[in-house]
Amino acid sequence: MRKYIVYIVIIVGVITGMILISRLDKPESEPLTINIGYKKHVAYMPLFIGIEKGFYEEEGLDIKLSLVESTNQMLSAIVSGNIDASIGGANIPTILSIEEKSPNSLKLFNTLEVNENTSITCVVVERNSNIGSLTELYGAKIATLPGSFSKLWINSALETVKLSSDEVTIIELEPSLQISSLDSKQVDALFTVEPACSFAVNKGVGKIIYNEPLRHFGSSLTASVVSNKLVKNNPETVQKMVRATDKAIEFIRNNPSESLTIMAKHSGYNTESIQGMITPVYNKSTEIDVDKLQKLIDKLIAMGELNNLNASNIILD
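With the sequence shown counted from 1, adding 5 to any position gets you my numbering.
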């Protein structure tokens with residue numbers, strides 16, 4: 006009887022040991038997958054840096070990229086649940102408009118800053134043009150990005166020199182057509198965003214006569230945004246994504262030249278075409294100025310672009 010008990014003890018011990026060994030050999034938990042919408046554009050730099058430098062991987066995240074054609078398409082996909090988030094480059098007025106139409110569907114957690122020291126937008130004219138200032142745009146044919154937002158910040162810039170939109174002709178052009186239209190003199194000026202500003206100069210097509218006209222309209226251009234459904238259902242996953250993105254922003258601040266090179270790689274830009282480009286300035290998740298964002302919202306409300314929205318309700322806690 007005692008012999009059988011010994012055998013049983015041995016067998017139990019072996020089984021227990023095998024279980025412990027199997028647990029020790031078991032691989033770490035699978036990375037959490039997040040579907041990120043993006044465009045091949047300079048404003049998505051934090052996303053590209055985060056992937057290249059492994060910041061998302063360090064947080065245990067597997068980033069699945071979804072290339073989209075427009076901000077509207079991307080944000081609609083986030084609202085519908087087909088995409089989880091977008092990092093860095095979603096147009097803020099479009100974010101606000103969609104959030105107003107679908108309340109509590111989106112949360113914003115980074116912004117791209119614009120001020121007199123940043124350089125994400127510009128006014129560029131043909132290299133031999135006699136136009137040298139905003140004042141001299143009277144009667145000019147101006148091309149800009151498609152959508153109502155571009156016209157809003159053009160008007161704000163023109164108002165600083167007492168010009169109105171009635172005194173110029175504004176047409177909408179896709180970014181791929183802007184520089185060729187300037188070169189062929191089909192338009193007199195571009196109110197545009199990077200990388201078109203740098204492309205025009207480095208290709209010898211144009212010269213910049215005014216830097217960051219967008220600053221006259223608001224303090225932010227784009228943002229990172231996440232589905233509020235993901236925030237509610239997987240708050241820890243969202244915080245991992247936010248931490249990784251903040252690390253990417255810190256890297257951009259400390260390594261501007263390398264950041265531009267990484268951005269060019271992921272966007273498909275020739276590095277020679279972005280010579281002289283200044284890295285965008287991003288606010289980390291803890292640095293967003295609620296009052297500045299509310300001022301932008303109030304301006305959009307006054308212009309009839311929004312009805313009512315509270316900035317504090319859209320910023321991720």
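Ideal Cβ positions, reconstructed from N, Cα and C, are used throughout, including at glycine. Please read these numbers as outputs of a predicted model, since none were measured by experiment.
| Asked | Found |
| --- | --- |
| Bridge partners for residue 173 per DSSP, in chain order? | In the DSSP output, where bridge partners are listed per residue, residue 173 has none listed. |
| With burial defined as no fewer than 16 other Cβ atoms inside 10 Å of the residue's Cβ, what is the status of residue 131: buried or exposed? | buried |
| Please list the terminal residues of the continuous alpha helix (DSSP H) segment that includes residue 318. | 316-319 |
| Please return the same chain residues whose Cβ sits closer than 6 Å to the Cβ of residue 172, not counting the five positions on each side in sequence. | 143 |
| When we look at the beta-carbon of residue 191 and count the other beta-carbons within 10 Å, is it buried (16 or more) or exposed? | exposed |
| Taking 6 Å as the limit between beta carbons, can you name the residues of its chain near residue 145, skipping five residues before and five after? | 173, 193 and 194 |
| Apply the 10 Å Cβ neighbour rule to residue 316 and answer buried if 16 or more other Cβ atoms are within range, or exposed otherwise. | buried |
| Taking the beta carbon of residue 290 as the centre, do at least 16 other beta carbons fall within 10 Å, making it buried, or is it exposed? | buried |
| What separation, rounded to the nearest whole angstrom, lies between the Cα atoms of residue 51 and residue 86? | 22 Å |
| State buried or exposed for residue 108, treating a residue as buried only when at least 16 other CB atoms are found within 10 Å of its CB. | exposed |
| Go ahead and label residue 240 buried or exposed: buried means 16 or more other beta carbons lie within 10 angstroms of its beta carbon, across all protein chains shown. | exposed |
| Within 8 Å (strictly less), CB to CB, does residue 186 reach chain C? | Reference to chain C is not applicable here, since this structure consists of a single protein chain. |
| Quick one: any contact between the segment 178-191 and the segment 92-107, if contact means 3 or more CB pairs under 8 Å? | no |
| State the beta-bridge partners of residue 225 as determined by DSSP. | 118 |
| Which word fits residue 98, buried or exposed, when buried means at least 16 other C-beta atoms lie within 10 angstroms of its C-beta? | buried |
| Using 8 Å as the threshold, is the segment 210-221 in touch with the segment 62-71, meaning 3 or more CB pairs across them? | no |
| On a CA-only basis, which of 40, 57 and 56 is nearest residue 3? Give me that one, please. | Shown here, the chain extends from 6 to 322; a query on residue 3 therefore has no answer. |
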